[in-house]
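Input: a single structure, listed below in structure tokens.
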Amino acid sequence: MAAFILRRLAQSVIVMLTVALVAFALFRFVGDPIASMVGQETTLAERAELRTALGLDEPFLVQFGNFVARAVTGDFGISYRLQQPVMELIMSRLPATLELAMVSGILAFAFGVGFGVYTALRRGGWASSTIMTVSLIGVSLPTFLIGVLLIWVFAVELQWLPSFGRGDTVYIGDWWRTGLLTESGRASLILPAITLGLYQMTLIMRLVRAEMLEVLRTDYIKFARARGLSNRAVNFGHALKNTLVPVITITGLQLGSIIAFSIITETVFQWPGVGALFINSVRFVDVPVMAAYLMLIALVFVVINLIVDLLYYAVDPRLRVDRANARH
Amino acid sequence: MSDIIKKPEPGRVARAWDSDIAYSFRKSPLAIVAAGVSLLIILAAIFAPWIAPHDPFNPASLNLMDGFTPPMEPNQFTGNTYWLGTDNQGRDVFSTILYGARISLFVGFMAVAFAMVLGITLGLIAGYRGGWIDSLLMRVADVQLTFPSILLALLIFGVARGFIPPAYREAMAIWVLIVAIGLSEWVQYARVVRGATMVEKSKEYVQAARVIGAHPAKILIRHILPNVMGPVLVIATIGLALAIIAEATLSFLGVGVPSTQPSLGTLIRIGQGFLFSGEWWILLFPSLTLLALALSVNLLGDWLRDALNPRLR
Amino acid sequence: MADVLLSVEGLTRRFDVSKPWLNRVIEREGKQFLTATEDVGFEIKRGETFALVGESGSGKSTIAKMIVGLLEPSAGVIKFDGQEMDFASGAAMRTLRRRFQMIFQDPFASLNPRWRVEDIIAEPIHTFGLLRGAEISNEVGRLLDLVGLSAADGTKFPHEFSGGQRQRIAIARALSSKPEFIVCDEPTSALDVSVQAQILNLMRDLQDEFGLTYLLISHDLSVVRHMAKRIGVLYLGRLVEVAESKRLFTDPQHPYTRMLLDAVPDLALSGRRRMPVTGEIPNPINPPSGCTFHPRCPKVMDICRREVPRITTTATGTAECHLLTTEDAT
Amino acid sequence: MKPPILSVRDLVVEFPTRRGTLRALDHVSFDIAEGEVLGMVGESGAGKSLTGAAIIGLLEPPGRVASGEIWLRGERIDNLPREKMRRIRGRRIGMVFQDPLTSLNPLYTVAEQLIETIRTHMDVSEKEARKRAVALLDRVGIPAAARRIDDYPHHFSGGMRQRVVIALALCAEPELVIADEPTTALDVSVQAQIIDVLKEICAERGASVMLITHDMGVIAETADRVAVLYAGRLAEIGPVRDVIQAAEHPYTAGLMGSIPTLTQTAERLTQIPGSMPRLNAIPQGCAFNPRCTKAFDRCFRDQPDLIPRADGRQVACWLYETAKSEVSNG
Amino acid sequence: AVTLTGVMASAETVRWARVADALTLDPHSQNEGPTHTLNHHIYETLVGRAVDGSLTEGLATEWGISEDDENVWVFQIREGVTFHDGTPMTAEDVVFSLDRARTPPSGMAALHAAVEEVTAVDDTTVHVRMSGPAPLYVQNLTNTFIMSKAWAEENGVETAPNFAAGEEAYSVRNTNGTGPYVMVERDPEVRTVLQAFDGHWADAPEVTEVIYTTISEAATRVAALLSGEVDIVQDVPVQDIARLEQTDGVRVVRGPENRNIFFSYDMSSETLASSDADDNPFAKPEVREAMSLAIDRNAIRQVVMRGESQPSAAPLPPFVNGWTEEMDAFGDPDLERAAELMAEAGYPDGFSVQLDCPNDRYLNDESICQALVGMLARIDIRVDLNAQTRSLHFPLIENWETDFYLLGWGVPTFDSQYVFDFLVHTREGSYGSFNGSRYSNPDLDAKIQSLSTMTDLEARDAMIAEIWEEVMEERIFLNVHNQVLAYAMRDDINLDVHPENQPRMTTVTFD
Ligand SMILES: Nc1ncnc2c1ncn2[C@@H]1O[C@H](COP(=O)(O)OP(=O)(O)OP(=O)(O)O)[C@@H](O)[C@H]1O
Ligand SMILES: Nc1ncnc2c1ncn2[C@@H]1O[C@H](COP(=O)(O)OP(=O)(O)OP(=O)(O)O)[C@@H](O)[C@H]1O
Ligand SMILES: [Mg+2]
Ligand SMILES: [Mg+2]
Ligand code: NI
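Chains as they are written, first to last, in our numbering: chain A, 1 to 328; chain B, 329 to 641; chain C, 642 to 971; chain D, 972 to 1301; chain E, 1302 to 1812.
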């Protein structure tokens, strides 16, 4: 167990470093930060000066080294665009993204597993066919379009739900600002959460269904039936639990990509999370924010991976750490 | 072997028609409809230059004043009438959809092909050789998974813009897109193929080939590959739909094919701007086409997944 | 023609089943090896059938794989027709490979489901470049005939055949490179008895016709007895007894052989009282000390727990048991 | 005479497929008396497992019981509503499957699976159930049962797992146990142990056993009577000794001849030509007619029913039709 | 207390949404539109800009060039002004602020490059000494805010924030201005709440609370207005204007913006990197003329801009000094003549070239470029369109990496010199940084340089006209239009369009 965690940690560090390196290498091509930092009246000489001051003219590896050296102390510098410490900026935006990701993740998981189980147990029924087909719409239209359509229907035409933002928020503790405790906050969450969760829900549903069908054919399910266990016990106690083992892995990874996918949802719904921050930073070539965001994403993935592995460990007594078997 | 394959096979079509998979296809109305719709769109896209009444990719043929013509109504300035109306550049929406589907499908197919070739090759090698090659490839796959696909595509796009000389950016955009989408998808293929390869390689027919000293490359390609293609096909089908959607999504983020040669996704992104201004047709028709295409391809994938799973028959 | 075709000496194969490096460091464990076979030696004469029996995991397949070159031995020498097998030299292996073939246990897994039967059978011919063009299809037809199928079956796919027929196809493939020696790893254990009889008879007929030499691997003592001239009994990777087929059954030397014999259900309903079988095969990663059979042996002695018995020549062949070397044991 | 525990009458199981309906069991009838062990043998695909599945009501769709009746102690059970049938499963009919490695849910401890089963069928407290479970494990020969009960299946070896599976099948004290090839996946040495355990416990509790296997040896050692299935039809039923030593049906006779034994000395095994027909190609008349050396024209025309013979034997073969029934038919 | 309740009684909150947020609240850090727009509510400048473009009084009540020294500007500072923290504003604060604004890393420094010294003569008079005559300097002051010296010193923000320092400056999120509103809450890019400052010197505004939000997606912004979640939307997509006007409860106001959209090209290099022509076609006057004959500005206005633009042929908006009506005039497209000219220039079969275009900077920028592609295709100029984000686009112009590009130019000083300095003058020193045409004319350069020190405004205007004549003759710019601004709001709100796109909530009235 200790070895397992150690190895995971080592891998995580490598992953983070790789992501940092790759990200850093890529930033040089996203655009010139100076161009967006200064007004049009700034002379070329002044631009060059600023470039030197920011260390942008140093060799790539030196810049990277400096970045990593500061990053380990949690210092990602100051946003070129918003002039605030990047760490603070990200931390203030993170709760919004995490709340959105969590809620849509939970929605996706709950409905995904529910529908998945239903369609697996009722394979071929018209209700399952309908669920399967309708849910596919979630992966057959681009997320941004779904978001815009939801806004159009529920905010503009019906005026049931807000079209943008997070509504009212209250602080929990020092920095966690939540919208979950206010009515407008919850109302604001609905459309973005659906937009973001729809895609994941379909993926989870398909996965659960496929996995469940597989499990339902196994000998131990047949044997459980032969022992006279009730349908409920067989389907949910035995089949579902075994289905969940691989599903947990995939779902964990989904949670990570939910956070990444929130870029689009956040942009459409003007949701004040890190995704929207990132996209604005890309437009502005706000390198410190971009770098920090990517590191954060990598960290989130690494942490989720770790949790998933531990969960896997907990659920599956065979202690098969080799998840390659569980994923397809 | 070639001489054997060349032998005329009178009953081939009949036999294919009679096969389990064909049967399961005939028994699934959803799959038939889905296949019909996909085929229709794919054919329409392939033959777009012959079907489409206009060539929206030829800027010289466009008249800006034709812009925003509603479907089936004459344009207020030019008096031209278009079946599905025109967009903001005066492009015939119907023709643009056909040409756009062509681009989308091209991107989709090529991205899938790219991901497939990469994933299958690496998966086969990792699964067959095992050992450190396997560990390395799988770690790379892990890192790749760690990196969300949209971000990856965004960054690849950014980099390519930096590398490619300005004069070629336009022409290369579509290839960059293909590589970006393909690169974010290959892991799936690699994993599936690796897993299946590990299963297949321990099967005795592979050992039989090894006993006679067949070359590993031959074993991989002639023996193992055909036997791991089943799940790959399923992923590829669904991957095609995903790639088409991914292309659309990326176009929303401002990276994508040039708007002078829009794909379905770009069209939707453009049309989305006219949702509240009354020009609903610019959004509606491309969206419906994309929905029909992606939905039917997805349905086909789902059907294929079940049909190829011998245990579900 | 009683010269030795295949001889095996000190054949040992270990599998590295260690945990990953980091685990070993933290859990303060060394590397772990699974000894699949250890110090196995036997000879097979030209034209004879030599059989290996043993329970699951006793190392039968490992030996077979080493002999046909699928696995490299950790130690030991395999000599084929007096020539030592050199795994490093591709060219040498290639010329040797033509001369031996293998038949596998699972008729469903041993034929590539995507290939036509004629292609499957022709593969060794292609690979060794034995024939070309139309000769190939003639030869394939002849082989199919030989194993009791019809030449017309060549265009079919494996799934169109029953298990017994598939095993015939596998045999046809094995024969297509005109080998002298065939390793048969449980060729009939997946088949029904009525089909098994056909395959066993076929194997015998082919042996008579082509002077083939077989290494037959099986866990079924009655099959082994029916087919083999001499039999080796494996237990936990060690060859505990080798004997003439008939005599092994009438006069088993090693207690394990006796136990195996006793475990065979008695179809003849002779009502013989058997010694009850006890225990299960131990974990090969941590085999018991001394004689690995000692925890299950009804005649266990002190020395068995301490020392590995040496090979002893017995009345019927050879065996490894302290009982045979310690005078006062009986 | 007591009524039989299980009585199967004219059981027909069919699979509707796109190429027509396949009849996998065709008018199978047999009884199992109280305390009796009925062996069911036949080649792969003969319909042994289907018979078991049909009795316990677990035919997998699209398979279905097309006609016939199944009586359990005078109560008809083939048409029971699902929920009622579920209560019979495990409680009155226990089932043991072939593969002990896959029959247990890997995510639950042995205790959880045992207790769940016991409490599904018996109104006992958790503690009581656990006590029973430990006792049962102990009985099937698992050492240190009280400690090992909380282990997960993967902690047990194959033989031990099969013991657990037997314990699970028996934990609600069923009157009838259907054992579908309970030892096929195990080694000979373990096989003997498992068969012994199964036999003993059933005898102890007065449960009847339907032992499905393709291994004649196991049947010979274990069963009181044996039923031979061929292509979904019963070829012969009778006391074990009679059937084995003096088979009447040509198929049974051939089958017995094709089994190599430890004592027989023949060079070649008796060989039944061909193989069992697939369900979609069962010939008209007697299903065995293409392979039968004694077939005559009637065999190609009419399907024989079980014909009662002396000593409670029954044979489905026109060779044994008495003049009387010939007359009544004619 | 009585006044307070009075204020409360008529309290009006306005929810105001626009595409982007202020980057910082530091008054001098960024010379950027949205930043200034928000800061104008919190801070004040010496002089302001009225809706018609004229200068208005701000914290200065009077201003002019000193009678004694033509190099000195004199400002009379308003009395009785207090900062939000209650301290009075003095000439010292003005001196401090101007110094702060002109010292790097201030983003405003370029506008004050000619300033030599700022001094407080007395409590209400400030002298600004220039390095030479600077008749238009006051025009540069409309976005230079006055902050409290004491407050700045207290909080360690004596200079504008320095990116390289790696620390957040206090002034980025904290304010102490003299403006009509006090910042009470700020969450960058999410929500900023302003409350009327009851100590302000001017009349109390009708709007007592401003909730300012950013909605970057156009569709969402419009949706928020339609669903009543915001009251004023500043950046209305042109295609939605007509529709919004017809919507009940929504009013749209329009006005010209101080921003001009044009194409320009490399007319000096030997060859073009992106062209298949052997030479540089843009160097040929005939080609430039042909292009100006091919462009159909009215069609762009009608279709691309949905009627919401002022087509023009000159690269400056009408209210900028130097603009003339004839400069702006253009004829109908004449493709035949254009084709002739192309043939004359030696390109009977046309040529290919890449057009670089931003896609997130100006109104419908990409669509305009696309429309041009079609128009030029008719005279066989095969244009590849490279549309990309602004941070990739503008460096191309700055680094001379583009052959053909789109640019928009606002003239904050309302004087043509600003255009010449940046777009016409040869690139050297602080001149010509956006001269992507690589045009270089020493004569013209000399004339441009002379403009800045001419105090005789008439002569200066004549010089400007002269320069313009040359520039228009050379066709350095292929002009498209002036942008039109549109604000959409609840229909009981009155707000005029500000030419610099800097609406003031103080000017909002309710029906
Ligand atoms: N590649 C491998 N890595 C690790 N252990 C192996 C490997 N191959 C075989 N073994 C182990 O070596 C031992 C002998 O295996 P082998 O396959 O030779 O047994 P066998 O006698 O053929 O058994 P069976 O009757 O089940 O086929 C077993 O314990 C097995 O687990
Ligand atoms: N789902 C199905 N569809 C069609 N035929 C089936 C299906 N399931 C079983 N069968 C057929 O029913 C017949 C009897 O199968 P069954 O499993 O009872 O055989 P068995 O005697 O138990 O064989 P084995 O020894 O291999 O276990 C076989 O021919 C089989 O092909
Ligand atoms: Mg083996
Ligand atoms: Mg069976
Ligand atoms: Ni799966």
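Beta carbons are placed, not taken as given, at the ideal position from N, Cα and C, and that holds for glycine. Here the structure is a predicted model, which means the values were calculated and not measured.
Output the boundary residues of the alpha helix (DSSP H) element that contains Glu1486(E). The count along the fifth sequence starts at 1 and reaches residue 1486(E) at position 185. Counting along the chain, no alpha helix (DSSP H) covers Glu1486(E); the unbroken beta strand (DSSP E) around it starts and ends at 1482-1488.
Every unbroken alpha helix (DSSP H) within the region 183-234 of chain A, with a cutoff of 4 residues, ordered by chain: Counting whole runs of 4 or more residues, the region 183-234 of chain A contains the alpha helix (DSSP H) stretches 183-216, 219-226.
Where the beta strand (DSSP E) containing Glu885(C) begins and where it ends: Here residue 885(C) refers to the residue found at position 244 when the third sequence is read from its first residue. Start and end: 879-885.
If you measure from the CB of Gly1045(D), is any heavy atom of ligand 2 nearer than 6 angstroms? Within the fourth sequence, numbered from 1, the residue matching residue 1045(D) stands at position 74. No - ligand 2 has no heavy atom lying nearer than 6 angstroms to the Cβ of Gly1045(D).
Work out the CA separation of His1126(D) and Val905(C) for me, nearest whole Å. If you number the third sequence from 1, residue 905(C) lands on position 264. If you number the fourth sequence from 1, residue 1126(D) lands on position 155. Rounded to whole angstroms, Val905(C) and His1126(D) show a C-alpha spacing of 28 angstroms.
Is Gly789(C) close to ligand 2? I mean its beta-carbon at under 6 angstroms from any heavy atom of the ligand. Taking the first residue of the third sequence as position 1, residue 789(C) is located at position 148. No.
Beta-carbon neighbours of Met970(D), restricted to chain A and to distances below 7 angstroms: Nothing in the structure corresponds to residue 970(D), since chain D is present only between 972 and 1301.
Cross-chain neighbours of Ala1578(E) in chain B, by beta carbon under 7 angstroms: On the fifth sequence, position 277 is the one that residue 1578(E) refers to. Contact of Ala1578(E) with chain B by beta-carbon distance below 7 angstroms is absent, the smallest such distance being about 13 angstroms.
How do the region 557-573 of chain B and the region 424-439 of chain B stand: do at least 3 beta-carbon pairs fall below 8 angstroms, yes or no? Cβ pair count under 8 angstroms is three or more, so yes.
Proximity test, Gly167(A) beta-carbon vs ligand 2 heavy atom, cut-off 6 angstroms: By one-based count along the first sequence, residue 167(A) stands at place 167. With a cut-off of 6 angstroms, the C-beta of Gly167(A) is classified as distant from ligand 2, since no heavy atom of the ligand falls inside that distance.
For Ile1208(D), three-class secondary structure by DSSP: Residue numbering aside, residue 1208(D) sits at position 237 when the fourth sequence is read from its first letter. Here Ile1208(D) sits in strand by DSSP.
Any non-hydrogen atom of ligand 4 closer than 6 angstroms to Ser1020(D) Cβ: Counted from its first residue, the fourth sequence places residue 1020(D) at position 49. Yes, Cβ of Ser1020(D) sits closer than 6 angstroms to a heavy atom of ligand 4.
Drop a sphere of 10 angstroms on the beta-carbon of His1501(E), count the other beta-carbons inside from all chains shown, and report buried for 16 or more, exposed for fewer. Working through the fifth sequence from its first residue, we reach residue 1501(E) at position 200. Buried, by the Cβ-count rule.
Given Ala571(B) as reference, the closest of Leu412(B), Val521(B), Val435(B) once Cα atoms are compared: As a first step, residue 571(B) must be located in the second sequence, where it is residue number 243. Nearest option by C-alpha distance: Val435(B).
Kindly list, in the order they appear in chain B, the residues whose Cβ is closer than 8 angstroms to that of Glu1667(E). One-based indexing of the fifth sequence puts residue 1667(E) at position 366. Within chain B, the residues near Glu1667(E) are Ser587.
Would you mind working out which of Phe580(B), Ser423(B), Arg354(B) sits nearest Phe385(B), comparing C-alpha positions? Along the second sequence, read from residue 1 onward, the residue named residue 385(B) stands at position 57. Residue Ser423(B) is the option with its Cα nearest to Phe385(B).
Ile425(B) versus Pro586(B) - alpha carbon distance: Working through the second sequence from its first residue, we reach residue 425(B) at position 97. Working through the second sequence from its first residue, we reach residue 586(B) at position 258. Their Cα atoms are separated by approximately 15 angstroms.
Would Val1320(E) and Ser1528(E) be called neighbours here (beta carbons separated by less than 7 angstroms)? On the fifth sequence, position 19 is the one that residue 1320(E) refers to. On the fifth sequence, position 227 is the one that residue 1528(E) refers to. Not in contact: Val1320(E) and Ser1528(E) (Cβ atoms no closer than 7 angstroms).
Whose C-beta lies closer than 6 angstroms to the C-beta of Val874(C) among residues of the same chain, with five residues either side of it excluded? Mapped onto the third sequence, residue 874(C) falls at position 233. Only residues of its own chain outside the window of five on either side were considered, and among them Val694, Val881, Glu882, Thr898 have a CB closer than 6 angstroms to the CB of Val874(C), listed in chain order.
Who are the Cβ neighbours of Leu787(C) in its own chain at under 8 angstroms, not counting the five residues just before and after it? Position 146 of the third sequence, counted from the first residue, corresponds to residue 787(C). Around Leu787(C), the same chain offers Ala813, Leu816, Leu847 as residues with beta carbons nearer than 8 angstroms, after the five sequence neighbours per side are excluded.
Over the uninterrupted alpha helix (DSSP H) stretch that includes Ala429(B), give me the two end residues. Taking the first residue of the second sequence as position 1, residue 429(B) is located at position 101. It spans 421-457 - the alpha helix (DSSP H) in which Ala429(B) sits, taken as one unbroken run.
Excluding the 5 residues flanking Ile704(C) on each side, which residues of the same chain have their C-beta closer than 7 angstroms to its C-beta? Within the third sequence, the letter at position 63 stands for residue 704(C). Excluding positions up to five away in sequence, the list reads Leu652, Thr678, Val681, Leu693.
For the alpha helix (DSSP H) that Trp152(A) lies in, which residues bound it at each end? Against the first sequence, residue 152(A) aligns to sequence position 152. Following the DSSP letters along the chain, one finds Trp152(A) in no alpha helix (DSSP H), marked with neither H nor E.
Using 8 angstroms for Cβ pairs, my map puts Leu1656(E) next to Asn1687(E). What's the rounded Cβ distance? Along the fifth sequence, read from residue 1 onward, the residue named residue 1656(E) stands at position 355. Along the fifth sequence, read from residue 1 onward, the residue named residue 1687(E) stands at position 386. Confirmed, Cβ separation roughly 7 angstroms.
Residue environment, Thr829(C), which counts as buried when at least 16 other CB atoms sit within 10 Å: Start at 1 with the first residue of the third sequence, and residue 829(C) comes out as number 188. Burial of Thr829(C) is indicated by the presence of at least 16 other C-beta atoms within 10 angstroms of its C-beta.
Taking the alpha-carbon of Val300(A) as reference, which of Val471(B), Gly593(B), Gly523(B), Pro387(B) has the nearest alpha-carbon? Stepping through the first sequence from its first residue, residue 300(A) is reached at position 300. Ranked by how close their Cα comes to the Cα of Val300(A), the residues Val471(B), Gly593(B), Gly523(B), Pro387(B) have Val471(B) in first place.
Arg807(C) and Leu752(C) look like a contact to me (Cβ under 8 angstroms); what is the Cβ gap, rounded to whole Å? For the purposes of this step, residue 807(C) is taken as residue 166 along the third sequence, with counting starting at 1. For the purposes of this step, residue 752(C) is taken as residue 111 along the third sequence, with counting starting at 1. Rounded to whole angstroms, the Cβ separation of Arg807(C) and Leu752(C) is 6 angstroms, and the two are in contact under 8 angstroms.
Closer than 8 angstroms at the beta carbon, the chain D residues around Tyr220(A): On the first sequence, position 220 is the one that residue 220(A) refers to. Annotation: Cβ neighbours of Tyr220(A) in chain D (cutoff 8 angstroms, chain order): Thr1073, Ser1074, Leu1075, Asn1076, Pro1077.
Comparing the CB of Ser1322(D) with every heavy atom of ligand 2, is any distance shorter than 6 angstroms? Here chain D comprises residues numbered 972 to 1301, so residue 1322(D) is not present and cannot be evaluated.
How is the beta strand (DSSP E) around Phe691(C) delimited, first residue to last? Locating residue 691(C) in the third sequence gives position 50, counting from the first residue. Where Phe691(C) is concerned, the enclosing beta strand (DSSP E) stretches over 690-694.
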